[in-house]
Amino acid sequence: MFTGIIRAVGKVVALQFMGSAAVLRIDGGKLGFAQASIGDSIAVNGVCLTVTRQENNIFDADVSQETLSRTVLGRLQPGDRVNLEPALTLKDGLGGHLTSGHCDGVGTVVERKPVAGSIGFSIHAPANLAKYIAEKGSICVDGVSLTVNEVKGSLFMVNIIPHTLEATTLNEYHSEREVNLEVDLLARYLESLLRGDSVATTRPRLGESLLTRHNFSK
2 MFTGIIRAVG KVVALQFMGS AAVLRIDGGK LGFAQASIGD SIAVNGVCLT VTRQENNIFD
62 ADVSQETLSR TVLGRLQPGD RVNLEPALTL KDGLGGHLTS GHCDGVGTVV ERKPVAGSIG
122 FSIHAPANLA KYIAEKGSIC VDGVSLTVNE VKGSLFMVNI IPHTLEATTL NEYHSEREVN
182 LEVDLLARYL ESLLRGDSVA TTRPRLGESL LTRHNFSK
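Per the working numbering: the sequence shown = residues 2 to 219.
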């Protein structure tokens, strides 16, 4: 699990494709990744990856075909900066909101504009994700926990304060930039619960007539 609070900005060293998958090599920057161990989890632009190789502050992570299809990691180039967050531990504070690092899809920045000392972004979300995005709810954009200020159909608006602009890669984003999106886990679970209740109400009740029909009772 993660919180959407970026701990460091790293830099892509290499992205090597191996069939339908890839290996991503990253310089951990100020993260101090020299203390990491193979098998540790780290979110790279909001995507949970596993460290498979580590030397000094450089680490490798495998990127599966599924992850490549649901995120923009496959478009990264050497030198690109990426948001990094180590996995949450029990002693860590929950400064953002709980995220899994399992990105739901890709959004596109539609507009960037100054808003009272911060920067406002309008982002287009895929139709299958838009229903999970609510005003004043939380969303993770390239690993950054943000509050949704407004929703208009498949568009949602967020404001980025100066500290976040400085501590993440978001200040580099302009129109047509594609970003990884992870919707609020609570919205996902709520839909699943409601869908389960709906299915339950349509199922026949386990009564005598049902048992008789299937030869369990006479």
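Where is the CB? At the ideal position from N, CA and C, for every residue including glycine.
As the structure is a prediction and not an experimental result, all values here were calculated from the model.
- Assigned with DSSP and collapsed to three states, A128 falls in helix.
- Residue burial is scored here from C-beta neighbours: I162 has fewer than 16 other C-beta atoms within 10 angstroms and is therefore classed as exposed.
- In the DSSP secondary-structure assignment, Q17 is bridged to V24.
- If you draw a straight line from the Cα of S176 to the Cα of N57, it is about 36 Å long.
- Here V116 is exposed: its Cβ has fewer than 16 other Cβ atoms, across all protein chains shown, within 10 Å.
- Distances from the CA of K137 to each of D185, G75, L195 and I43 were compared; the closest alpha carbon is that of D185.
- Taken through DSSP and simplified to helix, strand or coil, L50 comes out as strand.
- Contact check for V45 against A62 passes: the beta carbons are separated by less than 8 Å.
- For A9, the closest of I134, I27, S38 and E86 by C-alpha to C-alpha distance is E86.
- Annotated three-state conformation of K137 is coil, per DSSP.
- Take A188, set aside five residues on each side of it, and the residues of its chain with a beta-carbon closer than 6 Å to its own are Y133, in chain order.
- Cβ atoms of C104 and R76 stay farther apart than 8 Å, at about 14 Å.
- One thing to note: F60 has its Cβ no nearer than 8 Å to the Cβ of V73.
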